[in-house]
Each structure stands twice: as structure tokens, then as C-alpha cells.
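Accompanying notes for the structure given below.
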């Protein structure tokens, strides 16, 4: 069944609200009646969820003439209640802050209207997340109050939208807090007051919050689909996506499932050139009812199941990451009985490497060497393990797979080669944990996020090719599909002890770890002499990783972190002060040409160093010079990479480098590492595909301030949640542009900061959080 208002909490990207099922139909009616003739007549603006330059307009009643805003108290005269209703809600704007009184969590902010109003929707913009509970109340006379909404717990994000339990009538509306945090975290113990940047009040909820999502339906032919909700008259609606496209596709197709699954979906409501995107709705997808059609791949789910009471159905195997769907069978597949790996007869060339990898794993774990042959599934013998491709009707997409375990055979299917690689990884994992045997049953498995990875800095500290391959193997074992390699960097100049002069700063340690022919007029090159990879070694690493299902993403970081370039080409350095000599001066003629000349070494040729059609990282973090120059440079680099047929990834820095130039965002991936340098919601709104690499939760600096990831904190972490200190934002998991997460290891502790961390220490820190993170991302 579909879950929307039905006893569930409603979410918007970065927002959490409560709605009640018994009022859902009434609420929908109210929304429709209040919409008027069109989006333009209702106006637009950022005031409502999903609004913006393209959104529908909803009048913020708090900004009406004659509205009086009062509060029970203020921290001081700089934080008056009127500042929470001035139309400014960005960080740093004016705000209301109550008195800071320990043990006195109840505070209120009140709106008094000249005439009676109807209230249906409230938006809150918290300055910090120390509130643990509040109520919204409405009154006709300012003395007798009726509760319109109740919130218990900490808001997930600073931006919170609340649908009132009932559209309420009155002249007065107030927010009254009931509890605040007294934890030492973020110094909340010492700030027991309530702080609100803005509070907005609406007579109607956004159209996209009024949807009634239908239940899953079955067509006459037996296929399943999710119908679109009914849109109000004059509006159009389409499904934007789901967090599991292997269950609910973007066209509403619902694929065969083994278990009941809850899927997050989102919609776009439009009228002419205006639109708004919905909060997340939750749809419960029941398990498929399989037919007796022998052509249906789902039939195999029943093959190993005996419903006799004499047999015990096998429990879900404990694997890392956990499989998405499981239907238990009875009995076991005995590893000692395995004889052959059978490749689908007409696809041997594609399947040979996964087959050989499975053969190697099987011998290592069981001692049995299996024969690799080609053949048909219909001709399998006892002891056969079959690798083959599945049709699109199974909905396995790019990385999903189907694994059917029977007492005598195992069948592995996937739509794409990547999925079959993950199927063999699971088969090896099952073997490693086999005990008395591999439990019979059927697995349907797939990821939630498309980007799941690790990023390592070898620019500051070289890491051997063997260690990089070991990282690849370990990532593959956990179905992590990205390895970013930061190829160049240098000592942090401000702590190097060499920033007493510009000339001395140029002598700080810097590394460029990939063979390059780029040289200055004196014949000096940029490639590190104390450790680097040859072009052929890089290609070897890339090919090796691809066979294991891992994409290697090379990063050449410019225009900052570029001392390896600027000390060889000082004429292009931003050498206005010692701490900036590792930055390229993008305002100088020839700087962009120099960087692009370097990149073309690796992008061009019949057998390019960087994989044709692949993904590359252009750096772009922590630049301290002109924002317009930076933005123009970003566009030059993006254009060059995309023209080469590759995809661009870059660090987020645009919030700290404002300018008139709009940076191209289509098919550009942005790694968010710091919310001040790049605001996640703003970057998502500009059209970038977002990857979570937030330093507060996903950075490792061996021997430094982030020595190891906090495993306890990661248990509460979600890939689409961006939280740092008192600030938190959430992006919609149903969107393909919320791509996933990559945790990072930075070797900052070199030179004057050296703590003696070894390669083994690096591997140890890489391994610690991997099972937890892979489970969150898969």
C-alpha cells in the first residue's frame, strides 16, 4: 500500500513533518479549493517547500501589514521577535533568540493578525538544532489556545516544514517550545535558549504536499505499476524517481520483488513554466505473486522451497552489505559438490573474467578448483554454478543481480556485467560463511545509491601500486564501486614552517604522482622523484579495478593545492603572500592553457592514460582569489573534459566563490566536503549531481584532527544527510542527483606535521568504517 499521510512522518528534502491519515482527504480538498486559477496568481518564492524562481506563489501571512510579532523573552535587544518575520532566513540574517535560562525550556513566539486567518502550513528556519519539542497553537482571542501541531524530538534539519493537524481558524498563532537539549555537544548545555531565523505562516500547504499516492496495481497481463496521484485541475504531475529504481522505475513500472519493500518516491507538480518538487512519499511494495510460467525468472524463487512442516526455511544470510531481498529455501548447496562454472554460451567473452575471479575465490576458500565452461542454463548438472544475463523485465538495472541457490546448483543472473561481478562477490561471501553449506534460497540484490566509494590522497604521501590494488579488492568485496585517487598536493603552507617568505614557501614539499612530460623552459618536470606511477601502471590499475567492479577516478587538483605546478612554473603562481604560492593565478594569461596542456597528456591518444568515456576529477577546492576567474576556469575545464567524452567530478566551492558567471552543472558531479564552501541544497538546486564527502563525518587525516572516522556517529549517519555542528540539510533520496557518498583519507601530516603513519596505518583506517559505510550506501 502507499504511505503518505497514513500514520507516517512526511519528509521534504531536508525536512520532517507529521500528517494524520484521517484528515488526508479533507486536506486535499482544502488544498484544491485554495489554489485559485493558477500558479502565477498564487505567486512564488522560496517561502514554501519546492518553491523558488520556478515555484508557485503562496502568501506568507507573517509578512502581511499589521501583523504584530511578540515573544516571551529575548536574549538581548539584538534578537527581537520581529526579526523572525522579516523575510530573511539565510544564515547570518537577523533572528529571534529567547532568554538563555537553564531549566526553562518553554518559550514562545506569537503572531497577532488584524483579522482572523486560516492556518494550514508553517515553515521554521532554526538557527541551531537544540530544540527537542514544540507545539504550534492557534487562538481566536489570545487567551484560549488549541493545539494545531505537535513535534517531539530534534528536527533533522534547520529547515523544517509542518503541516497542521487541521486547517485552523484564528487571529493568533504561536510556536511554543517544550524542551531543549542540555548536551555538551555543540555547546548546547551553555545555550539553553531558542533561536529562530524565520517563521513563515501559510493558509494553504504547497500543492505537492497534498498528494494521495495510490497503491501498487496489477495489470491484466500480470505486470505491476504505480499509478500517478491525481493532480488538481489545471496542474500536471510526473514521477521524478525513487530511491530504488530496481523496484519502482521512473515510468512507474514495479518490478518483481521477493519481499515487502518500502520505497521513497517523489513527484513534480507543474503548471506552465512553474513547478515544485514534492517531499518524499513512502510506498509499500508487496512481494510478487509468481506465476507458473517457466520463462519467468521469478519462478526460481520457489524452486528450493518445500512448504512441508518437516522442512525449515532458511534465514537470511548474514553478509556485508546485507542483501536487499531474500526468499528462504530449504536445504543447502554443498561447496564440496561444486564442479563447474558455466558461462552463458553466447556471452563467454564478457563473462570470462567474473568466472575466473569466482574460480579463484572458490579455490582459495574451499580448496576446490572448478572447471570454467560455457553452456545453457537448461542443461545444468548437479554441482554447476551458472553465470548468465537477465532480461530488462527483472528490473536489475546497472548493478543489481539475481542469485538462486538450490541443493544441486547455483544460478547467477544480472542485466549488466557490473551486476554479475557483484553476484560473484556475494557467492564468494556465502562460501566464506558457509558452515554446513550455503543456505538455499533466492537473493534479489541492488544498491540504493549509485556512487559508493573511497578517495585517497597520494599526492602528499605516495602509496604503492600494490596497496592501491589491495584497496580495490577490499572495496569490491563490499560492493563499493568508486576509488578516487588524489594525484597531486603539498604541505599545508600555513603550518609548514616555510611561510616566512614567498621564496621559502616555494620549497615546501609537493608531490605529483603520475608520469608527466610537462616541463618548463629549463627542462624541469612536475613528476615526483620520490615515488610515482608510470602511465602504464595507471592503466594497469584502472583495468584491474574495472574487472573487480571498481571505477578508478583520477584527480588532478587545480587551481589550489598546486605547488607541484607552481614551483616549476612560478610565473603562473598566485604569489601575493607565502600561504598562496600553491595557488594558480587564474587571472594571468596562459594559466588555463598550462593546466589544459597537462590534462591533454592523459585524455588524448588511441590508448589514453585516463579511460575513454570514463570519469575524472578536476579538483577545484579551497581557492582564495577572484571568484569570477574561478568560475570561468571551472567552465573551461568542464567543457574540455566533456568534449573528450568523459564525465566531470569536482569539489564544491561555489558558495564561497560567488560571481555572475553560472558554472555548468549538467552531468557534473560535485563532492560536498564543507557546507560553507558549497551549500548542498543550493548546489542541488543549481543542477549538480551531489556526492556526500562532508569533512565533519567522512574525513580521515591519519595522525591529525580526523584521525579515524567516528563509528558510533556513523551509525546515525545517512548518505543524503549533510550535518555539521549546528547545521543540517537533507537532499531527496528519490533523486538520481543525490548520487551517494565517498569517504576520504588525506595525508596532511607530512613535513613539520609528520606523525610517522605507515601504509599499514593508512590501510587500517581505511578498513575500519568500510562495512558500516557499505551497508548504508547499498
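Residue numbers (this note's numbering): 2 to 779.
We put the beta carbon where it would ideally sit given N, CA and C, even for glycine.
Quick caveat, the model's predicted, so the values are computed rather than measured.
For residue i, which three-state DSSP category applies?
| i | result |
| --- | --- |
| residue 161 | strand |
| residue 587 | coil |
| residue 220 | coil |
| residue 72 | strand |
| residue 648 | strand |
| residue 312 | coil |
| residue 193 | coil |
| residue 353 | helix |
| residue 293 | Per-residue confidence for residue 293 stands at a pLDDT of 37, beneath the threshold of 50, marking its modelled position as unreliable; the derived number appears in the next sentence. Residue 293: coil per DSSP, three-state reduction. |
| residue 776 | helix |
| residue 98 | strand |
| residue 564 | helix |
| residue 603 | helix |
| residue 383 | coil |
| residue 753 | helix |
| residue 395 | helix |
| residue 170 | strand |
| residue 254 | strand |
Can you have a look at residue i and say buried or exposed, based on whether 16 or more other CB atoms are within 10 angstroms of its CB?
| i | result |
| --- | --- |
| residue 370 | exposed |
| residue 242 | buried |
| residue 115 | exposed |
| residue 162 | buried |
| residue 77 | exposed |
| residue 675 | buried |
| residue 690 | buried |
| residue 579 | buried |
| residue 398 | buried |
| residue 312 | exposed |
| residue 50 | Note that residue 50 has pLDDT 37, beneath the 50 cutoff, so the model's placement of it is unreliable and no number is given. |
| residue 716 | exposed |
| residue 22 | Residue confidence is low: residue 22 scores 33 on pLDDT, short of 50, so the model does not pin down where it sits. Its coordinate-derived value is still stated next. The residue in question, residue 22, is exposed, as its Cβ has fewer than 16 Cβ neighbours within 10 Å. |
Are residue i and residue j closer than 9 Å when you measure CB to CB?
| i | j | result |
| --- | --- | --- |
| residue 510 | residue 752 | yes |
| residue 89 | residue 199 | yes |
| residue 252 | residue 267 | no |
| residue 120 | residue 176 | no |
| residue 127 | residue 102 | no |
| residue 203 | residue 62 | yes |
| residue 534 | residue 473 | no |
| residue 182 | residue 155 | yes |
| residue 410 | residue 443 | no |
| residue 109 | residue 85 | no |
| residue 195 | residue 131 | yes |
| residue 373 | residue 395 | no |
| residue 209 | residue 172 | no |
| residue 389 | residue 480 | no |
| residue 593 | residue 634 | yes |
From the DSSP output, which residues share a beta bridge with residue i?
| i | result |
| --- | --- |
| residue 744 | 455 |
| residue 445 | 326, 403 |
| residue 495 | BP columns for residue 495 are empty, so no partner. |
| residue 240 | 268 |
| residue 730 | 723 |
| residue 767 | Answer by DSSP bridge pairing: none, since residue 767 is not bridged. |
| residue 440 | 333 |
| residue 520 | 526 |
| residue 180 | 134 |
| residue 200 | 125 |
Provide the residue span of the beta strand (DSSP E) that contains residue i, from first to last.
| i | result |
| --- | --- |
| residue 849 | Given a span of 2 to 779 for the chain in the structure shown, any question on residue 849 remains unanswerable. |
| residue 696 | No beta strand (DSSP E) contains residue 696, which is instead part of the alpha helix (DSSP H) from 696 to 699. |
| residue 691 | 690 to 693 |
| residue 782 | The question about residue 782 has no answer, for the chain in this structure spans 2 to 779. |
| residue 486 | 483 to 487 |
| residue 413 | 411 to 415 |
What residue range does the alpha helix (DSSP H) around residue i cover?
| i | result |
| --- | --- |
| residue 630 | 628 to 644 |
| residue 681 | 681 to 686 |
| residue 341 | Counting along the chain, residue 341 falls outside any alpha helix (DSSP H), though it belongs to the beta strand (DSSP E) covering 341 to 345. |
| residue 423 | 418 to 433 |
| residue 119 | Where residue 119 is concerned, there is no enclosing alpha helix (DSSP H), although the beta strand (DSSP E) it sits in stretches over 109 to 127. |
| residue 536 | 536 to 548 |
| residue 582 | From DSSP, residue 582 is part of no alpha helix (DSSP H); its letter is neither H nor E. |
| residue 151 | No alpha helix (DSSP H) contains residue 151, which is instead part of the beta strand (DSSP E) from 146 to 153. |
| residue 714 | 712 to 715 |
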